[in-house]
Amino acid sequence: MTEEARRAIGKLRSPYCPGLMLEVCPSEPAVILRDSIRQMALDGHESDEIVEWMLANHGEEWRALPRWAGWGMWAWILPPAVLIIGAGVLIGVLRSLRGRRDPDEVDDDGTDVSDDENERLTAALAAWDAEERER
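Residue 12 in the working numbering sits at position 32 of the sequence shown, and the numbers go up by one each step.
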């Protein structure tokens, strides 16, 4: 098999075996199509020309990889862009949920409890401790 035929076949999905590349499709029509592509390569056609011939006869949906031009370019740009933007949004949300606090907002003893709350907590713990001792 010529290199041109190999490159052309590698750029196509099989119209006879949905989900498979043309190079691995075991159906008889795929074998005939591969033979036609090999013959075109032997006749001097380049791989891109062979691919365009096959797509003209069977449809654009059998191209294995989208073009790097026109609407096909979005298939290359959009997924990585969405991942990068999504990662940025996720990082931003996680940072905001982390609840960063200024060191000035924390009391000198390192707690966020007011004096009134601290007195109530101490009294509640003392009452609980006294109740536990009575049991």
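By construction, the Cβ of each residue, glycine as well, lies at the ideal position given by its N, Cα and C atoms.
With contacts defined by Cβ atoms closer than 8 Å, Ser27 and Ala(-12) form a contacting pair. Per DSSP, reduced to three states, the secondary structure at Leu0 is coil, with no helix or strand assignment. Spanning the alpha carbons of Tyr(-4) and Leu74 requires a straight line of approximately 48 Å. The secondary-structure analysis by DSSP pairs Arg115 with nothing; it has no beta-bridge partner. When beta bridges are read from the DSSP output, Arg14 appears opposite no residue. Take Leu0, set aside five residues on each side of it, and the residues of its chain with a beta-carbon closer than 8 Å to its own are Arg(-7) and Ser(-6), in chain order. The alpha carbon of Gln19 has as its nearest neighbour, out of Arg43, Glu(-17) and Glu40, the alpha carbon of Glu(-17). CA-CA distance, Leu2 to Ala55, rounds to 21 Å.
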